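K.L.:
Whatever position you read off the sequence shown (first residue = 1), add 8 for this note's numbering.
Note that beta-carbon positions come from the ideal geometry of N, C-alpha and C, so glycine has one too.
No experiment lies behind these values; they were computed from the predicted model shown.
Questions regarding the structure given below will be posed in turn.
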Amino acid sequence: MLTDPSVLTDPTPPNWGSIDLPASWPDDLELNTFPDLRFLLSRVFGARTRVELPEGMPGRDLVPKYMLQEFHNLPNGYYSDSLTRGYVRTFDTIMLGAMTNARDMVANTLKGVDSAIDVGCGGGRVAKAMVEQGIGDIWGLDPSPYLLKQASDEVPKVKFIQGAAENIPFPDQRFGGIGICFLLHEIPPKHASTALKEFHRVLEPGGLISIAEPSPVQMQDSSFSLFRKYGWKGPYFKLLARFVYEPFVEAWHKRDLQKWFEEHGFELIDDNVGMPLRHIVARKL
Ligand SMILES: C[S@@+](CC[C@H](N)C(=O)[O-])C[C@H]1O[C@@H](n2cnc3c(N)ncnc32)[C@H](O)[C@@H]1O
């Protein structure tokens, strides 16, 4: 059943390049001055506060309430131009190149589908990997207009739309594939189940979901055992997982995926738990 009965056609993608997004408080900092730099660092390493969506930001009502937290200790979360630009670049560096593998795995699995959507697309890098796989009709969906603007600059072939996984603004059975990279562990369990219902609705029968998420291994194994198996990268990823603020990650790791997908009308066809990544593939029955 459609979540919103008015969604009978595709949305019109905005021309992100022509939209001037309002500055949020981190955009007003002058990071070449010591007081502002010190203030920013105190916000990265100190107490977190609630994310403020600036007046006039498009799609303020599309941002789920639980996102108004400073995930990954990123000041003002995913809602500033300057910091999300830095975030898109440094995320891949901090993950020691693993994100390129993650996105390639996600896109490879979807090779051959006619249409696909990158949900929680951020800077659009899964969508870019989908373009490289020759998929013709690609969309990206994210609640943050700051990330969508960057994504549309980086991958102009892809159509980027603002919205959340729990309410995908497309008709039923619209896509052959859904790509997801590092999204589901950021969503509270109840909302992740709502999102999975939406994935089922917008997928064609037989359509695939290809998902990359952090591996549970770096959270569960001891530093010593990680060092023995993976060298210094083992304890490094453990430390990283402990430092960054991800309030729903433990709940995600506890989920029984086989049961979860079955209950929502999917067949789990692959669950490859590596380190630092886990790759999951499910097919709509
Ligand atoms: C860790 S980033 C990953 C971004 C991107 N997939 C990548 O590979 O770099 C998580 C992304 O999920 C988005 N996000 C968080 N909650 C969401 C939701 N409920 N629906 C859609 N996107 C969401 C965030 O705005 C952010 O862009």
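Is it the case that the stretch 185-195 contacts the stretch 151-160, given that we only count it when at least three CB pairs across the two stretches are under 8 Å?
P.N.:
With a cut-off of 8 Å, the stretch 185-195 and the stretch 151-160 do not count as touching, because too few Cβ pairs lie within range.
K.L.:
Would you decide whether ASP229 is buried or exposed? Buried here means 16 or more other CB atoms lie within 10 Å of its CB.
P.N.:
Stepping through the sequence shown from its first residue, residue 229 is reached at position 221. Buried is the call here.
K.L.:
Compute the Euclidean distance between the alpha carbons of ALA106 and GLY282, then round it to the nearest angstrom.
P.N.:
Mapped onto the sequence shown, residue 106 falls at position 98. Mapped onto the sequence shown, residue 282 falls at position 274. Near 11 Å, if we compare the C-alpha coordinates of GLY282 and ALA106.
K.L.:
So, is ASN23 buried or exposed, given that buried needs 16 or more other C-beta atoms within 10 angstroms?
P.N.:
Here residue 23 corresponds to residue number 15 of the sequence shown, with the count starting at 1. So ASN23 counts as exposed.
K.L.:
For ARG58, count neighbouring Cβ atoms within 10 angstroms of its own Cβ and tell me buried if that reaches 16, exposed if not.
P.N.:
If you number the sequence shown from 1, residue 58 lands on position 50. The residue is exposed, with fewer than 16 neighbouring Cβ atoms inside 10 Å.
K.L.:
Beta carbon of LEU104, beta carbon of TYR95: below 8 Å?
P.N.:
Along the sequence shown, one-based indexing puts residue 104 at 96. Along the sequence shown, one-based indexing puts residue 95 at 87. It is not a contact, given that the beta carbons lie outside the stated cut-off.
K.L.:
Please name the residue or residues paired with ILE125 in a DSSP beta bridge.
P.N.:
Along the sequence shown, one-based indexing puts residue 125 at 117. Answer is TRP147 and ILE186.
K.L.:
How about the stretch 187-206 and the stretch 256-271: do they share at least three Cβ pairs that are nearer than 8 Å?
P.N.:
As far as the Cβ criterion goes, the stretch 187-206 touches the stretch 256-271, which means the pair count is three or higher.
K.L.:
For MET9 and ARG182, I'd like the C-alpha separation in whole angstroms.
P.N.:
Position 1 of the sequence shown, counting from 1, holds the residue named residue 9. Position 174 of the sequence shown, counting from 1, holds the residue named residue 182. Confidence at MET9 is low in this model, with a pLDDT of 42, below 50, so the placement of that residue should be treated as unreliable; the coordinate-derived value is given next. The straight-line gap from Cα to Cα measures roughly 13 Å.
K.L.:
Anyone know if the C-beta pair for PHE256 and GLU194 falls short of 8 Å?
P.N.:
Taking the sequence shown and counting its residues from 1, one reaches residue 256 at position 248. Taking the sequence shown and counting its residues from 1, one reaches residue 194 at position 186. Yes, the Cβ-Cβ distance between PHE256 and GLU194 is below 8 Å.
K.L.:
Considering only residues of the same chain and omitting the five flanking positions on each side of LYS345, which have a CB-CB separation below 6 Å?
P.N.:
Residue 345 lies beyond the range of the chain shown here (9 to 293); nothing can be said about it.
K.L.:
On a CA-only basis, which of VAL15, PHE79, SER50 and ASP44 is nearest VAL252? Give me that one, please.
P.N.:
Numbered from 1 along the sequence shown, position 244 holds the residue referred to as residue 252. The shortest Cα separation from VAL252 among VAL15, PHE79, SER50 and ASP44 belongs to PHE79.
K.L.:
Is PRO22 helix, strand or coil by DSSP?
P.N.:
As a first step, residue 22 must be located in the sequence shown, where it is residue number 14. The answer is coil: DSSP assigns PRO22 none of H, G, I, E or B.
K.L.:
Checking 8 Å against the spacing of the C-beta atoms, do SER218 and THR108 come in under that value?
P.N.:
The residue labelled residue 218 in the question sits at position 210 within the sequence shown. The residue labelled residue 108 in the question sits at position 100 within the sequence shown. Contact flag unset, no.
K.L.:
Just confirm the distance between the C-beta atoms of PRO224 and LEU16, as a whole number of angstroms; I'd bet it's less than 8 Å.
P.N.:
As a first step, residue 224 is located in the sequence shown; it is residue number 216 there, counting from the start. As a first step, residue 16 is located in the sequence shown; it is residue number 8 there, counting from the start. The Cβ separation is near 40 Å, so there is no contact.
K.L.:
Name the residue from GLN226, ARG250 and ALA249 whose alpha carbon lies nearest to the alpha carbon of GLY239.
P.N.:
Reading the sequence shown from its first residue, position 231 is the one you call residue 239. Considering only alpha carbons, the answer is GLN226.
K.L.:
Quick check: is any heavy atom of ligand 1 less than 7 Å from the C-beta of TYR86?
P.N.:
Sequence index remark: in the sequence shown, residue 86 carries index 78 (1-based). At least one heavy atom of ligand 1 is nearer than 7 Å to the Cβ of TYR86, so yes.
K.L.:
Over what stretch of residues does the beta strand (DSSP E) that includes HIS199 continue unbroken?
P.N.:
Locating residue 199 in the sequence shown gives position 191, where the first residue counts as 1. First-last for HIS199: 197-210, but that is the alpha helix (DSSP H), not the beta strand (DSSP E).
K.L.:
Within the same chain, show all residues whose beta-carbon is closer than 6 Å to that of PHE245, passing over the 5 residues directly before and after it, in chain order.
P.N.:
Within the sequence shown, the letter at position 237 stands for residue 245. For PHE245, where only same-chain residues beyond five positions count, the Cβ hits under 6 Å are GLN226 and PRO284.
K.L.:
Pull up the CB-CB distance for VAL127 and LEU191, whole angstroms please, since I reckon it's below 8 Å.
P.N.:
Counted from its first residue, the sequence shown places residue 127 at position 119. Counted from its first residue, the sequence shown places residue 191 at position 183. Correct: roughly 6 Å between the Cβ atoms.
K.L.:
By a C-beta neighbour count over all protein chains shown, 10 Å radius and 16 as the cutoff for buried, is LEU3 buried or exposed?
P.N.:
With the chain covering 9 to 293 only, the question about residue 3 has no answer from this structure.
K.L.:
Candidates GLY132, SER123, ASP122 and GLN77: which alpha carbon is nearest ASP100's?
P.N.:
Translated into positions along the sequence shown, residue 100 becomes position 92. It is GLY132.
K.L.:
Skipping 5 residues on each side, what residues in its chain have a beta carbon closer than 8 Å to that of GLY25?
P.N.:
Here residue 25 corresponds to residue number 17 of the sequence shown, with the count starting at 1. So the list reads LYS157, SER160 and ASP161, once near-sequence residues are dropped.
K.L.:
Using three-state DSSP, classify ASN40 as helix, strand or coil.
P.N.:
As a working mapping, residue 40 is identified with position 32 in the sequence shown. The answer is coil: DSSP assigns ASN40 none of H, G, I, E or B.
K.L.:
Should VAL52 go down as buried or exposed, given a rule of 16 or more other Cβ atoms within 10 Å for buried?
P.N.:
Against the sequence shown, residue 52 aligns to sequence position 44. Flag for VAL52 reads exposed.
K.L.:
Just reading off the beta strand (DSSP E) that GLU274 is part of, what are its end residues?
P.N.:
As a position in the sequence shown, residue 274 is number 266, starting the count at 1. Checking the sequence, you will find Phe at residue 274 rather than Glu. From DSSP, the beta strand (DSSP E) with PHE274 extends over 274-281.
K.L.:
Looking at C-alpha atoms only, which residue of SER152, ILE102 and GLU275 is the closest neighbour of PRO66?
P.N.:
Taking the first residue of the sequence shown as position 1, residue 66 is located at position 58. When only C-alpha atoms are compared, the closest one is SER152.
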